[in-house]
Each structure stands twice: as structure tokens, then as C-alpha cells.
Amino acid sequence: MASAALEVENLEVRFGPVRAVRSLRFSLERGEAVALIGPNGAGKSTTLLTIMGAAQSQGGDIRFNGQSILGLAPEAISRLGIALVPEGRRIFSDFSVEENLRLGFLGRRTADGLEEDLAWVHSLFPIVEEFGSRPAGQLSGGQQQQLAIARALVARPEVLLLDEPSLGLAPTVVDGLFDALVEIRERGVTILIVEQRAELAVEFADRSLVMRNGEIALTLSGDDPFDSDRMTTAYFGS
Amino acid sequence: MSKFVRSWELVGPALLVVAVALVGTTTSDSLQLQFRSVLVTASIVVALHVFIGNSGVISFGQVSFVAIGAFGAGVATTPVDVKPFAFPELFPFLKELELSNVESLLLAAVLGGVYALVVGVPLMRLSGLSAGIATFAVIIITNNVFRNWERIGPGAKTLTQIPETTSFLQATVGLLIVIAVAYAYQRTRQARMLRAAREDPPAAQSSGVDIYRQRLLAFTLSGALAGFAGGLLVHLAGTLTTEQVFLDLTFITLAMLVVGGIGSLWGSVLGALFIAGLNAYLTEAERGVRAFGLDVDLPSGTRLIALGAIMALVLLFRPSGLTGGRELAWPFVRRARATPGG
Amino acid sequence: MTEFIQSLVDGVALGSLYALAALGIGLVFGVMRLVNFAYGELITAAAYTLLLTKDLPVGLRIILALAVAVALSLIMEFIFRPLRVATPATMLVTTFAISFMLQNVAVLVFGTRGESMNFLPDLNKAFEIGDIRIRWITVVSIVAGAGLLSATAYVLNRTDIGLQMRAAAADFRTARLLGVKATRVIVFAFALSGVLAAVVAMMLAVQRPLATPSFGFLVVIPALVGVVVGGLDRLLPATIGGFLIGFATVIISDLLPSESRVFLNSALFGLVIVVLLVRPNGLFIQGAASGERL
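Protein chains in written order, with the numbering used here: chain A, 1 to 238; chain B, 1001 to 1342; chain C, 2001 to 2294.
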């Protein structure tokens, strides 16, 4: 059996005496879209950061296509084919939109197919081409989010991690984002998305994992109806 | 923590100082000067700690107060009949002045404190690198003025003919006084407020701490202690040049503080004694000395290289210094561990 | 009037040199948040290289000076790696310790008395425009300064490595997440700052022909002050700050009556204190008086 795209096994992340992530385990199959939801402080963002090598773990393993990536530097993990759209977008506001995008494809593993990918990204997010030479700081929140996702996609990642993409954005803008995410999933990119807006994420994803206190409290598959009672229990405990 | 255990934070460093002094009295004459010099340098470092350790603000200018104390005490104790030949340009009232040894030390402390107050009033509003550069500017200006203004001192010439009154006893007692004052200050409410501001300025401010005022207090006290140490310094060998109280001294004392561990009185004493002791040993080794049963003879100049290398190595591998910023703890007390790990 | 123009020209020349040094310091600070006190030793090393190559053709001397400065800079990059996570105080004192140590190595090997480098001394000759005497080295300094500044700006703004460097300086963590190789960017910054140091050394060597252990240190102190006064966080203000210190040094020196000239440093640094009190975050950066910046 082919190994899963991403496997997290018994992951431990501690900040001083606080266990932010406890013996976490889950995996992502190729082409799957999985949502990671749960209350604030559950360790969701920390999980994404640890996968990207931006946070240190104290135990367990993370495997990408069967190969362990624990302890690698973020730039190395990025070049292997995982991209993160960070919380708060973190675009470079003083640089132009074009330069932001360029940073993304400088992190590409191979120059082949660059034209194609750029064309696809431009069709997904037209503003990226339109606003090319403007400073990225001039874009609205929603547009910046699009730029952040575009920037990650230009590196042609196999796995795309998103940390709270809907944060601070109006509902219509968020709908547009999720439409784009559907297209991205159809393209075969494996997606792991951390979201505050649980309903949106659950609707979009094939599977949803509810995290609380550093571990997974509940797993929902795509066919499960959105059950508020189960969710409340999972979020806040019985 | 019981009072006894707490007092160890003062007693510990004091005992080490006395031990070093006692060892010093047993060595050869040439080494004795080195030992006394170590004790005086340690006084300067503890004075630095009073401000830098408690406020967390790096000041490159404290040696200015050492300078004013040193030159003030030096000019004041030069015999009146020598003055017209040594410093012809001196202000008349200074020409008439002759003080006893202890009086000159008090004068040195007052001069240091007043100068620090004057400098501190504008500068204590600054933090971080701006404070560093501004205080650096102070030492540059101080040195520039002392080197060229011959109405207050010898200018570029060497200050000489000063009575060499800094004996082992005086150096040791002086250092102990400085340590005691530093300890007494850091136990006050004011010092605690300053340390709170060092850890978390916005939180401290919203709790009503007047950061400016507390910094100014620590800065002035630090200046007075530095001035006092300057008084001890000038009476060490009876001579002084402006170069001796300028960048080399600034760097060495700051490095001692950092190597010992910023924020800890014990760290400042330990760092000073360790580095100054090493410095003294290497100076003698350069002259070819038989010490601790070894014949050592190093080419001159290696001492400073070795010192620089040792300091860099300590900092590269233990960035929080030898003590990690913690005070000396009474080793036989069981204490509940607040957090796991260091 | 002619004296005024003379001062201006000399001020611009010295300002250009200090601007280059400030740029060298700023480049490393940008990617690593490290203030490298030992930067002056790169300049001193280049100067001593010029001293040791007195009998070689000029072109070779220049290449060797550049090579030595860059090599030493890369060695420093390696030594400073543990400092990437240290506090500003520790960084400052450690780099100062390295600087101190290297200066004393120079004392040990070359002694404290300076020796003449004899590097392009003919550039000290002057030509006249009307009543103004301009030395050739002044012109060369200004041209070299402007040239290198433009070249660096080009590299930063129009090349891929420059883009990655700017990204690392703006937001190191996010840059790494995008695949920017941290080490490569830092090494490049150090190498570039080594080149700048060598050029500063060469320009100075013409005017101050004696190679001494504190050759570079005496430049780095004002340059560093200029960087902080200009505004440490951004490269352009830092460079301008360096320029202003050099410029102000000449202007103040020429304005002071000759008996008071010994107090040049007091006047200059007094001005620095005033500027910092009014603009603690640097001349070109808005900000209130409080708040730690490092």
C-alpha cells in the first residue's frame, strides 16, 4: 500500500511545562482535504507549524510520503513539497505583489511547468496579475489572503497547509476563497486546513478532526451530518 | 525563604572577596598590585551591575563616573605644593584644595553621583540601543573633555604624585562597601519595581511604576559607586591617564558583567574576580613567572588575545553568563522546583 | 564661500565612506539582527593586506584586499552562528570581544606603531576648480561610494538573492517557510559586507597611509553611531545615518574655531545625544520615546 501523503505519529510539542500537542496522531491520504477544527488554544496552529519545522517537537514523528521530516529546517521541508499559508497571511507589505509571488516560486523544487502553474494561479486569483506591481500592503484583507495562497501554490506543493484563512474576512470573500480551495483540491493537492469557522471547514473537507487540549477529540467523516451536540461535547468536554 | 538563606546572597560574594584578598596578601609584591587592582576593578563592575543588572539597559558610559571620581580624588589629594608644577592651568580654588584620603573618596562618590544625575535626567528616557549609543556618547565626551580641558585636571599628561593609599585593606573594605550598598539597594521596593519594568515594561507601567524615576535612581547610585571606585583606582598606583578610564576599561568591565551573568550581584562579583584574576595571572605570565609550580613565559600581547578569546567562548556557549543571571543560593536548602528544566 | 564649498565636498567624501561602512553593518543586522562590533577588523585586515603587498601591482593588491576581507567576514559568520538566538547585550559584548581580540592579534603581529601602506599615494594630489582645491582621492571616494551603493541597491532590488535577503530582513520566519535558505542568505550578506569593508579600507588607505591595529575600529564607531541615529531597522536610513555622521564630522570640524577643534568629538557626540532624545528610533523613523527596539 502506498504510504500516506502526510503522517503524524505521537507528536509531542511542549512550551515549558505546557503540553500544546499531546501524542497527536492522524494521517492524510493523497488528494484528501482534511479540516482541523476546535476551540482556541487547542494546538491546531502549533501542529501546522511543527509540520513545517517552524516549531520544535519533543517526541513522535512526522512523515511525508513515508520519509521522516522531523527536525528538518523549514526551508528544506518547503522544498520537499509542503507549503504553508500562515496565520495572518504574513505577506511582505513593502514588496510588490509580483515580488511576493516570485518569492514563492524561488522556493520551487523544479523550474519545469512553471508557465503552466503560473497560468493556473492567475486564473484562480486574477487580482494577482492585475495588481502586479502595486505594493502588497495596499491590497484588502481578502486580496492579501488570495495572494498568500497563490504564493504557496506557485511552489507546486503536494501538500498545502492553511492556518485560519477566513480570519477577519467578510462572508462573501470567504465563500470565494473556499471555491478556489475546491478547485485546488480537484487539481490533486492534498489539503490540511485549520479553521475557526467550523461549519465551512466541515462542509469543504472530506474529513474533519476536532482538536482539544492538544489531542483529537472527535473525527467526522464527510457523510456525517453536522451534529451540534457532538461538536459541543468535542469542543468543550462533557 | 528564611532570612538566613536570603542573606547568603550577600554573604556568599562577600566571603569570596575576603578569600581572594587573603590569598593576595600571601603573594609576591608585584602580584600584590595585581590583586589590589582586581578588587578595585570588581568595585567598578558591581557599580555597573547596580544600574545595568536591575534596569536591563546597557550603558556604555558608566566609566565616565569612574573617571570623574578618579580625577577628582586625584587632584584633591595631590599635595598643594606640587600642584602649580603639575597642573599650571588649574582653576584657583582647585589649586588650594587638599583633602585627606577618606575625604577624597567621599568627594569621588559625590562627583560620580552628581554627574550621573545630570547625565541621567535627559538620558533615562531612552531604552535599548538608543540608550546604549547615547551613553556611549557620554564616555566619548567625558574622555574628550578630560583630555583637553586643563583647568580641571592634567589633560593629556599623566596624573602623578598621588599618594598610594589603596592598600589591601582599603581595597577589600571598599569592595565590600560597594557590594553591601548594591545588595541593600536591590532589596528595596524601588529596585523591585525597576526589575519588573525590565521584564515587562507595559505591565509595570500600568501597575503604576514610574520607569524613568526608578532608572534615574539606579543610574545615580551606580554613578556614585563608580565614582567611589574611581577614587580607589587613582590611589592604587598613584598615577592615572585618561586612556586608563576610557574604552578599554569600559569594554573589560562590561564583559566581566556579561560573562558573570547580567542581573545577578553574585554574577558581577564572580565575573569580575574570574576575568580580572585571569588578566592578572596572564600579565604576570607575560613577564615570566613561576606560579602554581609552573614556569610560564608568554609573549606580550597574548594576554589580551587570550582574554578576548575566553570571553567570546564563554558567551558563545553559555550566553546567559556563568551564573545565568541568578543569585548565589544557599546550597543546602530544598526548594520546590517552580518550572522543570533551567 | 569657497571654504564652504570645500567643506561640503570634503564632507560628502567622508560621508560616502561612512555610508559604505554603515551599509556593511546594516546588511548583516538586517538578516541576523546582529550588531557586529568586529566589522572594523575587516577594514583593518584589508589595510594590513595592503601593507603586506606593498611591492605587488595595484590590481593584485586590490584583489587580495577584497579576498582577505571577504574570507575573514565568512569566518566571522561561522563563529557567530551560536549567537543567532542570543540577547542583544550578549551579541554586543561577544562581537566586541572578538574585535578586541583581533585588534590585539594585530598588536602582537605588527606592533602598535603604524607602517605606511603606500597605496596609490598619487591620489592625494589635488587639482583646482577656480579657488577650490580638490584632491583626486576625494573624487574617487565619492564615485566609489556612489557606485557601490548603487550596485548594492541593484543587487538587493533586482536579483533573486537580493529579494531573498530583503525578505529575510523583513520577516525571517516567513521567508524560511517560503523556502528561502537562511544560511545562504546570511553568508551572502556577510560576503557583501566584506567587500564594502575592503573598499572603505582602500579609500582610507590613500588618506591615512599608516596601517595600525585600530584602523578599522576608529571608523566603525562613528559608522555604528550613524546607523543607530539613522534608524537601525531599515537599510536606507541606516546608510544615510552613516553618511550624515561623516558629513557632520567634517562640517563641525570646519566650523569650530581652531583652539576648540580638539573638542570635535564632544560637539559631534553631543549632537548625537540631542538627536537621539528627539528621535529615539532614528532620524527617519517615526516613533515615541518609549519602547525597546532591540
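The beta-carbon is built from N, C-alpha and C at its ideal position, and this holds for glycine as well.
Spanning the alpha carbons of C/V2028 and C/D2131 requires a straight line of approximately 42 Å. A distance below 7 Å between beta-carbons, with the five flanking residues on each side excluded, links B/L1107 to the following residues of its chain, in chain order: G1072, A1073, A1076 and L1099. In this structure B/F1051 touches B/S1222 by the C-beta definition: roughly 4 Å separates them, less than 8 Å. As for any alpha helix (DSSP H) of minimum length 4 sitting wholly inside the segment 1014-1092 of chain B, the runs are 1029-1055, 1063-1077 and 1083-1086, ordered along the chain. Counting only the Cα atoms, A/I193 lies some 12 Å from A/V210. B/L1105 is the residue among B/V1018, B/I1058, B/G1024 and B/L1105 whose C-alpha sits nearest the C-alpha of B/V1234. The segment 56-74 of chain A and the segment 1014-1021 of chain B do not touch, with fewer than 3 CB-CB distances between them shorter than 8 Å. At a cut-off of 8 Å, the C-beta of A/S78 has a neighbouring C-beta in chain C. For C/V2031, no CB of chain A lies under 8 Å from its own CB, so it is not counted at the interface with that chain. Distance from the CA atom of C/S2258 to the CA atom of C/I2251, rounded to whole angstroms, is 13 Å. Nearest C-alpha to C/E2077 among C/M2117, C/L2042 and C/R2261: C/L2042. In the three-state reduction of the DSSP assignment, A/T47 falls in the helix class. Under the three-state reduction of DSSP output, A/F95 falls in the coil class, being neither helix nor strand. Distances from the CA of C/L2149 to each of C/F2096, C/F2080, C/L2210 and C/T2239 were compared; the closest alpha carbon is that of C/T2239.
Separation of the CB atoms of B/L1328 and B/P1013 is rounded to 7 Å, and the pair is thereby assigned contact status at 8 Å. Legend: CB atoms of the segment 2167-2183 of chain C lying less than 8 Å from CB atoms of chain A belong to residues A2167, A2170, D2171, R2173, T2174, A2175, R2176, L2177, L2178, G2179, V2180, K2181 and A2182. Contact annotation for C/I2043 against chain B: no contact, minimum CB-CB distance about 17 Å [criterion: below 7 Å].
Beta bridge pairing from DSSP links A/D61 with A/E9. Non-local C-beta neighbours of C/F2217 in its own chain, meaning closer than 6 Å and more than five positions away in sequence, comprise G2040, ordered along the chain. The DSSP-derived three-state label of C/V2035 is coil.
Using beta-carbon distances, C/D2160 counts as an interface residue toward chain A, with a partner under 8 Å. Secondary structure of A/S133 (DSSP, three-state): coil. Residue state for A/I193 is assigned as strand, using DSSP reduced to three classes. Judged by DSSP in its simplified three-state form, B/L1099 adopts coil rather than helix or strand. DSSP, reduced to helix, strand and coil, places B/T1242 within a helical segment of the structure shown. Taking 8 Å as the CB threshold, C/Q2207 stays off the interface with chain A.
Taking the Cα positions, A/V21 is about 7 Å away from A/R14. The DSSP-derived three-state label of C/R2133 is strand. Short of 6 Å from the beta carbon of A/S27, and not among the five residues preceding or following it, lie these beta carbons of its own chain, in chain order: A4 and E7. Here A/L80 really is in contact with A/I69; their C-beta atoms are around 7 Å apart, less than 8 Å. Residues of chain C with a Cβ closer than 9 Å to the Cβ of A/F92 are, in chain order, R2166, A2167, A2170, D2171, T2174 and A2175. Of C/V2068, C/T2090 and C/L2264, the smallest CA-CA separation from B/S1320 is found for C/T2090.
For a Cβ distance threshold of 9 Å, residue set A1137 and I1141 of chain B lies close to C/G2270, ordered along the chain. Chain order gives the chain A residues near C/L2163 as F95, E99, R102, L103 and L106, where near means a beta carbon separation below 9 Å. Nearest to C/I2025 by C-alpha distance, out of C/A2067, C/V2219, C/A2182 and C/T2183, is C/V2219.
DSSP places A/E183 inside the alpha helix (DSSP H), whose first and last residues are P171 to E186.
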